[in-house]
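Each remark here refers to the structure printed beneath this line.
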Amino acid sequence: MNGDEIKRIVDAIHRDKAIDKEIVFEGIEQAILSAARKHFSEEEVLEVRIDRDTGEPSLTCDGALLEPELIGDLLGRISAQTAKQVMIQRIREAERDAQYEEFQDLKSQLVTGAVTRVDRGTVIVNLGKVEAILPRSEQINKENYRVGDRVRAIVLDVKKAGSRVRVILSRTHADFVRRLFEVEIPEVNDRIIETRSIAREAGHRSKVAVSSSDAAIDCVGACVGVRGARIRSIVEELNGERIDIVRWNDSLQILVPNALQPAEVEDVILCPMLGKVIVLVRDDQLSLAIGRRGQNVRLASKLCGWDINVMTQESLDEQLDISIEAFSAVPRMPADLCENLVSQGFFTFDDLSVIEPDELLDMGGLTQEDVETIIEFADVESLRIEKEEIAEAAARKLNPPPTPEQKRVADEKAAAAKAEAEAETEAAAPEGEPAAEETAQQAEDASEPAASESKEDSAAGADEPAADGEAPAADGGEETPVVEAAEGDSADSDTPAVPDGEAGEDEPEPDAAEEKSE
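Right under this line is the structure:
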């Protein structure tokens, strides 16, 4: 192997593999040394050197330079094969190291590749020099990929795996949204508009806080674009994920209400000792500020870097009373200190247990012993309450409340059981004894002919002549005002007609009437 041949090999590897020439020269030197080592004892010190300009190799043994022809004799067929394997291994390692360094510089940067295969949800993406993987955990919900699809993602991590480089991609990281803003919004790419903070729940919703270095440029409007054109392209890339653009402000009094939009905030109370913010809203804004399953307040908290507690004025007053009453039971806790702590946002014993002793001393009126007693008591109470909550959670897990579907099925079963019980009750009635509904129906049917017969009898009685001395009733139940003369009386009788109402009282007995007639 002469110098020109070595130089051609070095140039080819450098061009094809993008490996530094110095690394290739060192690999060849290591290969020659490994092959020559088999012809010398371990005590002899060997050194191989290749001239970087001419490519000629040189070999020294214990400081003595060997003839170039001797190197060719030493590198026989077997030794040359060994040297080749060593050189290939060395080149592979150099190639891996070069790829590793290249993709290390691309961490958190946007890359584009084509899907080569999908294995159990993991997507293999060809990035040209290496194949990267997009794990299922780093994919946006409901995304499906097929071979040949183009994928945009950021480089999440780079690892060495043997002779290969393992590149892990992500589409769920907050930096993916940041890079999309840089690509789709020129003002962001030009650093006129800066993305100050991003809070994201991939596939559902993101909040992006932006600010502008140019007062003449509206940072929110520039990100949204004309009729939402700019933000729409980002939303489409994120598979329909909702994006809220928030105007950044260094003051939490302004930033927190901006982050909680579209809810309207009444007041913001800072609790710097605990790193939390109490936000007061109206009753009709409470659910809007919290968001679905707490998403809005959770993202706002991540965006601002502070814990946010959304409350109404009424619930805050109630919490203050409860906390003051609870802290009053703490040994050596003065009443004024109790109220001061509560006003600083210390609502629970867990809050009190993490306070710094020096901060408690600075509030005044306490000794070091008092502070230690208060913190120790708070630790014990906090641990006790935590155990109770764990026990309650375990009990709820063993006996979870029914889901709406389970409740609906239970109601249907209860209704069916009730109907079945009523049917069995009706079927179990004694034989020959009709059910209540049948008895009522029979009574109603029997009453109809009886009423009909009564009407017929009344009509017949009206057509027949009345008995002696009796005044028949007219049809319709009305009384006849004049009574006909008794049988045997003369038509010219002078006896006056008597009204019905008086006839019943003054009418003489039948025998007396007959004697009088005779």
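All letters in the sequence shown, in the order written, are residues 16 to 533 by the working numbering. Here a beta-carbon is modelled for each residue, glycine too, at the ideal position from N, C-alpha and C.
Roughly how many angstroms separate the alpha carbons of residue i and residue j, rounded to a whole number?
| i | j | result |
| --- | --- | --- |
| A443 | Q334 | 60 Å |
| E44 | R107 | 15 Å |
| S152 | E256 | 17 Å |
| K433 | R307 | 38 Å |
| K99 | S56 | 22 Å |
| N254 | R194 | 16 Å |
| V192 | V145 | 24 Å |
| V345 | F361 | 14 Å |
| T363 | L413 | 28 Å |
| K53 | I139 | 44 Å |
| D373 | R262 | 37 Å |
| S397 | V312 | 25 Å |
| A50 | R23 | 21 Å |
| V395 | P277 | 41 Å |
| M8 | A431 | Because the chain in this structure spans residues 16 to 533, residue 8 falls outside the shown range and cannot be described. |
| G380 | S338 | 20 Å |
| Q124 | K222 | 20 Å |
| D120 | A113 | 11 Å |
| G42 | G163 | 38 Å |
| T418 | M326 | 28 Å |
| L184 | S316 | 27 Å |
| S347 | I405 | For the record, residue 347 in the displayed sequence is Arg; it is not Ser. For R347 and I405, the distance between alpha carbons rounds to 29 Å. |
| S330 | R297 | 11 Å |
| D259 | G143 | 35 Å |
| R132 | R161 | 7 Å |
| D134 | S368 | 49 Å |
| A274 | C319 | 8 Å |
| K402 | F118 | 47 Å |
So, with DSSP's three-state summary, where would you put residue i?
| i | result |
| --- | --- |
| T131 | strand |
| M102 | helix |
| K422 | helix |
| N355 | helix |
| A79 | strand |
| I305 | helix |
| K144 | coil |
| I258 | strand |
| P415 | coil |
| I269 | helix |
| E209 | strand |
| D299 | helix |
| A123 | Just to set this straight, residue 123 is Ser in the shown sequence, not Ala. S123: coil per DSSP, three-state reduction. |
| P72 | strand |
| L195 | helix |
| G107 | Sequence check: residue 107 is Arg here, not Gly. Looking at R107 - three-state DSSP - the assignment turns out to be helix. |
Between which two residues does the alpha helix (DSSP H) holding residue i run?
| i | result |
| --- | --- |
| L335 | Q328 to F342 |
| I49 | Sequence inspection shows Ser at residue 49; the Ile mentioned does not correspond to that position. Run containing S49: K36 to A51, per the alpha helix (DSSP H) assignment. |
| I370 | Where I370 is concerned, there is no enclosing alpha helix (DSSP H), given that its DSSP letter is neither H nor E. |
| K4 | Outside the displayed range of the chain (16 to 533) lies residue 4, so it cannot be described from this structure. |
| I24 | G18 to K32 |
| L171 | From DSSP, L171 is part of no alpha helix (DSSP H) but of the beta strand (DSSP E) over R165 to A176. |
| S248 | A244 to E252 |
| V235 | C234 to V239 |
| V203 | P201 to N204 |
How far does the beta strand (DSSP E) with residue i in it extend, from its first residue to its last?
| i | result |
| --- | --- |
| E62 | L61 to I65 |
| T137 | T137 to N141 |
| L285 | D282 to C286 |
| L184 | R179 to S185 |
| V162 | Taken as a continuous stretch (DSSP letters only), V162 belongs to no beta strand (DSSP E), as it is neither H nor E. |
If you drop the 5 nearest sequence neighbours on each side, which residues of the same chain put their C-beta closer than 6 Å to that of residue i?
| i | result |
| --- | --- |
| E279 | Q300 |
| G18 | T69, G70 and E71 |
| V63 | E44, I47, L48 and L74 |
| V357 | L335, S338 and I339 |
Using C-beta distances below 8 Å, list every residue in its chain close to residue i, excluding the 5 sequence neighbours before and after it, in chain order.
| i | result |
| --- | --- |
| A79 | none |
| V283 | L267, Q268, V271, P272, V292, I293, V294 and L295 |
| T137 | I148, L149, P150 and R151 |
| I155 | R186, T187, A217, G218, L253, N254 and E256 |
| I232 | E202, I207 and I208 |
| L376 | Q383 and V386 |
| D26 | K36 |
Leaving out five residues before and five after residue i in sequence, what residues of the same chain have Cβ atoms less than 7 Å from its Cβ?
| i | result |
| --- | --- |
| E520 | The predicted position of E520 is uncertain, since its pLDDT is 41 and thus under 50; a value taken from the coordinates is nonetheless stated next. None. |
| R165 | T127 and A129 |
| H188 | I169 and L171 |
| Y115 | V173, K175 and V180 |
| R215 | A189, V192 and S221 |
| E281 | L295, V296 and R297 |
| W321 | L267, G290, K291 and V292 |
Does any CB atom of chain D fall closer than 8 Å to the CB of residue i?
| i | result |
| --- | --- |
| L301 | Here there is only one protein chain, and chain D is not present. |
At a cut-off of 7 Å, would you count residue i as near the ligand NAD, judging by its Cβ distance to the nearest heavy atom?
| i | result |
| --- | --- |
| D190 | This structure simply doesn't include the ligand NAD, nor any ligand for that matter. |
Just to confirm the assignment: which complete alpha helix (DSSP H) runs, minimum length 4, are found wholly within the region 369-409? 372-377
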